[in-house]
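Participant: My structure is below; once you've seen it, I'll send some questions.
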Amino acid sequence: VLLDDLGVGGGFPAAEAEITDDLIGVVTQNGGQNKIDTFLARSVTYAAAIDPDQGTVASTVTIELTNLVTNLDLPDAIVASNDQGFPRGTNVLELTVYSPHRLVGATVDGAETGFRGADQFGIRAYSALLEIPADTTMVVELRLQGVVDLSSEYRLTVPVQPAVLPEELEVTVTVPDGIAIAGGGGPFRAAFVTAADQELTAELDRLD
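What the sequence shown shows, in this note's numbering, is residues 6 to 213, in sequence order.
Following this line, the structure appears as structure tokens:
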């Protein structure tokens with residue numbers, strides 16, 4: 006209970022009813038049979054363009070995954086991949102992005118890439134196996150479209166995977182002309198360095 010109260014319990018938000026809010030979750034799982042995740046830094050940017058008249062959201066999630074390993078003389082249990090044959094220091098991982106929305110396109114380092122889709126926790130899970138060489142940053146981008154409840158406000162839940170290095174998270178929300186966020190005309194922005202789940206709310210006002 007204490008870990009849940011601190012937002013680092015690692016549990017995923019329950020999906021007991023139809024999801025009407027927005028959600029974005031990024032999870033990485035080691036695929037190299039080692040402990041190289043100690044050296045994985047993650048940065049997630051979520052840009053959502055919402056349309057209250059249509060109740061829709063078109064969003065882009067950009068994930069930067071940095072393999073901070075520079076010393077290839079570290080023990081095999083950290084930087085080797087046993088008998089899998091990957092170059093020493095390579096971070097082999099399964100990346101899964103959770104969203105209630107439809108995936109319309111994805112790239113890895115600018116190249117169009119296919120992601121596997123499945124239903125998990127009552128929402129969609131999009132996954133791909135990635136290989137990140139030592140001392141390298143890989144940039145993954147997914148484009149999503151869906152429907153949310155925008156009758157009075159925009160609500161976003163971001164379940165954060167507990168990790169050795171806190172995740173850098175940035176959220177931007179834009180609206181069409183005639184709609185204001187929290188009484189202002191500009192986009193909503195929030196940035197965190199966090200290991201805990203985040204819940205963000207932006208109130209919507211119509212301009213006369």
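Note that beta-carbon positions come from the ideal geometry of N, C-alpha and C, so glycine has one too.
Taking its Cβ as the centre, do 16 or more other Cβ atoms sit within 10 Å of Gly4, making it buried, or is it exposed?
Facilitator: Since the first residue shown for the chain is 6 and the last is 213, residue 4 is missing from the structure and cannot be characterised.
Participant: Whose C-beta lies closer than 6 Å to the C-beta of Ala109 among residues of the same chain, with five residues either side of it excluded?
Facilitator: Sequence check: residue 109 is Val here, not Ala. Cβ neighbours of Val109 beyond the five flanking positions: Arg148, Gln150.
Participant: Along the chain, where does the alpha helix (DSSP H) that runs through Ile83 open and close?
Facilitator: Per DSSP, Ile83 belongs to the alpha helix (DSSP H) from 81-84.
Participant: For Thr65 and Glu146, what's the separation of their Cα atoms in angstroms?
Facilitator: Thr65 and Glu146: Cα-Cα distance of roughly 7 Å.
Participant: Let's see if you can read the secondary structure: which residues bound the beta strand (DSSP E) around Asn35?
Facilitator: 30-35 is the span of the beta strand (DSSP E), which, as asked, contains Asn35.
Participant: DSSP three-state call for Asp42: helix, strand or coil?
Facilitator: Reduced to three states, the DSSP call for Asp42 is helix.
Participant: Which ranges does the beta strand (DSSP E) cover as unbroken runs of at least 3 residues, wholly within the stretch 69-130, from first to last along the chain?
Facilitator: Counting only runs of 3 or more, we get 96-104, 107-113, 121-125.
Participant: DSSP state of Ala195, grouped into three classes?
Facilitator: Residue state, collapsed to three classes: strand.
Participant: Does Ala82 pass the burial test, meaning 16 or more other C-beta atoms within 10 Å, or should it be called exposed?
Facilitator: Exposed is the call here.
Participant: Could you check whether the stretch 163-170 touches the stretch 25-39, counting it as contact only if at least three pairs of C-beta atoms, one from each stretch, sit closer than 8 Å?
Facilitator: Flag = yes, the stretch 163-170 and the stretch 25-39 touch.
Participant: To which residues of the same chain is Met143 closer than 7 Å at the C-beta, ignoring the five residues directly before and after it?
Facilitator: So the list reads Leu70, Val113, Asp114, Leu135, Ile137, once near-sequence residues are dropped.
Participant: Given that a residue counts as buried once 16 or more other Cβ atoms are within 10 Å of its Cβ, and exposed if not, what is Asn87?
Facilitator: Exposed, by the Cβ-count rule.
Participant: Using the C-alpha atoms, what's the distance from Leu155 back to Gly37?
Facilitator: Each residue's alpha carbon lies about 42 Å from the other.
Participant: Measuring CA to CA, which of Pro57, Val62, Thr67 is closest to Ala111?
Facilitator: If we check each option's Cα against that of Ala111, Thr67 comes out closest.
Participant: Can you find the residues in the same chain that come closer than 6 Å, C-beta to C-beta, to Glu173, ignoring five residues on each side of it along the sequence?
Facilitator: Correct list, in chain order: Ser48, Val198.
Participant: Determine whether the beta carbon atoms of Leu3 and Leu28 lie at a separation below 8 Å.
Facilitator: Because the chain here runs from 6 to 213, residue 3 falls outside it and cannot be looked at.
Participant: Whose CA, out of Val152, Gly119, Leu212, Pro192, lies closest to the CA of Ala133?
Facilitator: It is Gly119 whose Cα lies nearest to the Cα of Ala133.
Participant: Out of curiosity, what's the CA-to-CA distance linking Leu98 and Thr141?
Facilitator: Approximately 14 Å between the Cα atoms of the pair.
Participant: On the criterion of 16 or more Cβ atoms from any shown chain inside 10 Å, does Thr95 qualify as buried, or is it exposed?
Facilitator: Thr95 comes out buried.
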